[in-house]
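Structure, as structure tokens:
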Amino acid sequence: MNEVVVMAVSRAVPSERAASDEEALVASIWATRVRWSLLADRLKRRIDIARAAVLYLGAAGAIAATATATLLRTADVARVPVAAFGAVCLAIATVVTTLLLTPDAVRRWTRARAASEGIKQLVLRFRAGAAPFRGAEAPARLAAEVAEIEEAVDDLLAHVAEIDEDDADVRDAVVPGSMTPGDYVRDRVQSQITDYYRPRAREYAGRARRLRRAALGLSVATASVAAVVTVLAGDAGISAGGQQSSGLAPWVAVLTTLGERLRPTGPAADTTTLR
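Start counting at 1 in the sequence shown, then tack on 69, and there's your number in the working numbering.
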């Protein structure tokens, strides 16, 4: 009887050790996925801030330059600082565009997000026991496929290393447990749709509406200013032999440019984005 008990215990210990090792592996890989997700969030936030900064700086610079040439044309005291302010805004916008809004910056963001999502789907498939994660070799297969994903983005590993493992989002991340194929569909597919894509679609649809309204307002203002310029130009032609005296004409170009910049494009226009 004692021998039977000893044999049962000896079989159970390796099994428990293997389960413990598997849980440690999944927890480590999931923490890695969270770090890639945080990196993607940072890179996307950097791009969003840079785009907004370029928009505002470009608008401020264009308005200042136009005001200098029209409203402040005879105001020497105010014209110089306003002109300098406009030039600085445009220069900073150019630098931000050159350094932060490059195709490489966008690719870094999308590749980091792809790495995060790729690792996520591997872990969930592993937890669901889906092919090819079956049998005793499943943990080793999972580790190998995760390594392949990270190898494809090894130029971003230095950025991932900047995210500390003790970061609250990494430390408090909930590791997925074992699941059935039905759980996978619910947690991976349906949850992604209801908890992410639909709320984001509503968010971007609202943002697109606000941008369209702002662009419409600027279009109306542009048409109004253009009409006034046309009338004043006609009056000037009658009274001064065709010499235009209105200083409003340059504002038409400024308003047109601002309206075009506010038109929703990309995610704000089609209500889709990468997570």
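Glycine is no exception: its CB is placed at the ideal position from the N, C-alpha and C atoms.
- Run the CB neighbour count on residue 89, radius 10 Å, all protein chains shown included, and call it buried at 16 or more, exposed below. On the sequence shown, residue 89 is found 20 positions in, with the first residue counted as 1. Flag for residue 89 reads exposed.
- Task: Let me know if residue 331 comes out buried or exposed under the rule of 16 or more other beta-carbons within 10 Å of its beta-carbon.
- Result: On the sequence shown, residue 331 is found 262 positions in, with the first residue counted as 1. Per the 10 Å Cβ criterion, buried.
- Task: In the DSSP assignment, find the unbroken alpha helix (DSSP H) run with residue 259 in it and report its ends.
- Result: As a first step, residue 259 must be located in the sequence shown, where it is residue number 190. Careful: residue 259 lies outside any alpha helix (DSSP H) and carries neither H nor E.
- Exposure label - residue 196; buried when at least 16 CB within 10 Å: The residue you call residue 196 lines up with position 127 of the sequence shown. Buried is the call here.
- Task: Pick helix, strand or coil for residue 247, following the three-state DSSP scheme.
- Result: The residue you call residue 247 lines up with position 178 of the sequence shown. The answer is coil: DSSP assigns residue 247 none of H, G, I, E or B.
- Message: Tell me the rounded alpha-carbon separation between residue 104 and residue 243.
- Response: On the sequence shown, position 35 is the one that residue 104 refers to. On the sequence shown, position 174 is the one that residue 243 refers to. Computed Cα separation, rounded: 13 Å.
- Query: Buried or exposed: where does residue 226 fall if 16 or more other Cβ atoms within 10 Å of its Cβ makes it buried?
  - Reply: As a first step, residue 226 is located in the sequence shown; it is residue number 157 there, counting from the start. With fewer than 16 Cβ atoms within 10 Å of its Cβ, residue 226 is classed as exposed.
- Query: Given that a residue counts as buried once 16 or more other Cβ atoms are within 10 Å of its Cβ, and exposed if not, what is residue 296?
  - Reply: For this step, residue 296 is matched to residue 227 along the sequence shown. Counting Cβ neighbours within 10 Å, residue 296 comes out exposed, since fewer than 16 surround it.
- Task: Buried or exposed for residue 179, please, with buried defined as at least 16 other CB atoms from any protein chain shown within 10 angstroms of its CB.
- Result: Translated into positions along the sequence shown, residue 179 becomes position 110. Classification of residue 179: exposed, given that the 10 Å Cβ count is below 16.
- Task: Please list, in chain order, all residues of the same chain as residue 124 whose beta carbon is under 7 Å from its beta carbon, the five residues on each side excluded.
- Result: For this step, residue 124 is matched to residue 55 along the sequence shown. Contacts found: 330.
- Message: Rounded to whole angstroms, what is the Cα-Cα separation between residue 92 and residue 202?
- Response: On the sequence shown, position 23 is the one that residue 92 refers to. On the sequence shown, position 133 is the one that residue 202 refers to. Going from the Cα of residue 92 to the Cα of residue 202 covers about 15 Å.
- Which of the three DSSP states, helix, strand or coil, is assigned to residue 329? As a working note, residue 329 is residue 260 in the sequence shown. DSSP places residue 329 in helix when its eight states are reduced to three.
- Compute the Euclidean distance between the alpha carbons of residue 198 and residue 111, then round it to the nearest angstrom. Position 129 of the sequence shown, counting from 1, holds the residue named residue 198. Position 42 of the sequence shown, counting from 1, holds the residue named residue 111. Distance between the alpha carbons of residue 198 and residue 111 is about 33 Å.
- Task: Measure the alpha-carbon distance for residue 318 versus residue 294 and round it to whole angstroms.
- Result: Stepping through the sequence shown from its first residue, residue 318 is reached at position 249. Stepping through the sequence shown from its first residue, residue 294 is reached at position 225. If I take the Cα positions, the gap works out to 8 Å.
- Query: If you draw a straight line from the C-alpha of residue 214 to the C-alpha of residue 128, how long is it?
  - Reply: Here residue 214 is taken as the residue at index 145 of the sequence shown, counted from 1. Here residue 128 is taken as the residue at index 59 of the sequence shown, counted from 1. Their Cα atoms are separated by approximately 48 Å.
- Message: Within the continuous alpha helix (DSSP H) that includes residue 184, where are the two ends?
- Response: On the sequence shown, position 115 is the one that residue 184 refers to. 172-197 is the extent of the alpha helix (DSSP H) around residue 184.
- Message: Could you check whether residue 181 and residue 96 sit closer than 9 Å to each other, using their CB atoms as the reference points?
- Response: As a first step, residue 96 must be located in the sequence shown, where it is residue number 27. As a first step, residue 181 must be located in the sequence shown, where it is residue number 112. No, the Cβ-Cβ distance between residue 96 and residue 181 is not below 9 Å.
- Between residue 282 and residue 260, what straight-line distance do the alpha-carbon atoms span, to the nearest angstrom? If you number the sequence shown from 1, residue 282 lands on position 213. If you number the sequence shown from 1, residue 260 lands on position 191. If you take the alpha carbons of residue 282 and residue 260, they lie about 33 Å apart.
- Just tell me which of 156, 320, 194 has its CA closest to the CA of residue 250. By 1-based counting over the sequence shown, the position of residue 250 is 181. It is 194.
- Task: Would you tell me roughly how many angstroms separate the C-alpha atoms of residue 107 and residue 147, rounded to the nearest one?
- Result: Translated into positions along the sequence shown, residue 107 becomes position 38. Translated into positions along the sequence shown, residue 147 becomes position 78. Each residue's alpha carbon lies about 46 Å from the other.
- Item | Rounded straight-line distance, which links the Cα of residue 164 to that of residue 320 | Within the sequence shown, the letter at position 251 stands for residue 320. Within the sequence shown, the letter at position 95 stands for residue 164. So the alpha carbons of these two residues sit roughly 25 Å apart.
- Message: For residue 158 and residue 126, what's the separation of their Cα atoms in angstroms?
- Response: The residue you call residue 158 lines up with position 89 of the sequence shown. The residue you call residue 126 lines up with position 57 of the sequence shown. Roughly 5 Å between the two C-alpha positions.
- Between the C-alpha atoms of residue 324 and residue 156, what's the straight-line distance to the nearest angstrom? Counting from 1 along the sequence shown, the entry for residue 324 is found at position 255. Counting from 1 along the sequence shown, the entry for residue 156 is found at position 87. So the two alpha carbons sit approximately 18 Å from each other.
- Leaving out five residues before and five after residue 138 in sequence, what residues of the same chain have Cβ atoms less than 7 Å from its Cβ? Here the question's residue 138 lines up with position 69 in the sequence shown. Result list for residue 138: 319, in chain order.
- Using a beta-carbon distance below 9 Å, is residue 280 in contact with chain C? The structure shown contains no chain C, having only a single protein chain.
- Message: Can you look up residue 238 in the DSSP assignment and give me helix, strand or coil?
- Response: Within the sequence shown, residue 238 is the residue found at index 169, counting from 1. Helix, per DSSP.
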